[in-house]
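In our numbering, the protein residues as written are -14 to 244.
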């Protein structure tokens, strides 16, 4: 296990090394068909996540803990923290901007209706999940996601993504990324509970909250506090190169992170 973690940490270090300058460009909108009925989960809840970018230090603890908790293949991630070098539009000064990214668990998820076998579905509490026993690995949902949040798991040959660690939430635990966040930047909770931390924060900071790609009409339920408007759409990023290693530490190739 220590060898696996060292190899993973080596990848993470190179993942965060790349940088890019803004401005940004948006993606073309993807068509969204009618949504099938939601199933499973608690219908009285609506889970969402608020990410306070003012508290994110880019340590990648969330990425590592998620990877270990969900046993993702080396080189594939359910959540990442993209790191950009941003040029100030007036002064030309360069600063580093951290942008945690994951499935947005949309109210109108484009990944759900394109699944030919309904393996990807939305629970009644809003969490979008994948039934690996049904998924055929066609990757339609991977292509439909406007947030680059899905991948085909090379071990299971099925679609994989963030699930808000639904298996942990269902037993009263926090998602791995939230529990491990050093700065307390990730807050998850039930929007239907007015006394939950996320509900209180959203009420307090309502005017300052943003979501990624609002023009897509997906109604994402990952909210960002402290984000500039120019990061609401996909940035034009230069890719950072990082190597992929086996569990034994042997280099097997390269991948590019251009998110």
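All C-beta atoms in this analysis are idealised placements derived from N, C-alpha and C, irrespective of residue type, glycine included.
When secondary structure is reduced to three states using DSSP, residue 183 falls in the helix class.
The beta carbons of residue 39 and residue 96 sit about 30 angstroms from each other, so the pair does not count as a contact at 8 angstroms. A check of alpha carbon separations from residue 81 across 185, 43, 104 identifies 43 as the nearest.
Where residue 171 is concerned, the enclosing beta strand (DSSP E) starts and stops at 171 to 175. By DSSP's assignment, residue 50 forms no beta bridge with any residue. Judged by their CB atoms, residue 207 and residue 57 are not nearer to each other than the 9 angstroms cut-off. Here residue 31 is buried, its C-beta having at least 16 other C-beta atoms within 10 Å. Inter-residue distance for residue 78 and residue 103 is about 48 angstroms (C-alpha atoms, whole angstroms). When the five nearest sequence neighbours on each side are left out, the beta carbons in the same chain lying within less than 6 angstroms of the beta carbon of residue 91 are those of 203, 204, 205, in order along the chain. Note on residue 158: under 16 other CB atoms within 10 angstroms of its CB, so exposed under the neighbour-count rule. The three-state secondary structure of residue 45, taken from DSSP, is coil.
Counting other Cβ atoms within 10 Å of its Cβ, residue 188 stays below 16 and is therefore classed as exposed. According to DSSP, residue pairing for residue 212 in a beta bridge does not occur. Taking a 10 Å sphere around the C-beta of residue 94, we find 16 or more other C-beta atoms and assign the residue as buried.
For residue 86, the enclosing beta strand (DSSP E) has its first and last residue at 79 to 86. Around the CB of residue 140, fewer than 16 other CB atoms lie within 10 Å, so the residue is classed as exposed. If you draw a straight line from the Cα of residue 155 to the Cα of residue 24, it comes to about 15 angstroms. Between residue 169 and residue 37, the gap from beta carbon to beta carbon is short of 9 angstroms.
Residue 143 and residue 117 do touch by the CB rule: their CB atoms are close to 5 angstroms apart, below 8 angstroms. When beta bridges are read from the DSSP output, residue 137 appears opposite 144. Of all alpha-carbon atoms in 110, 145, 89, 108, the one lying nearest the alpha-carbon of residue 125 is that of 145.
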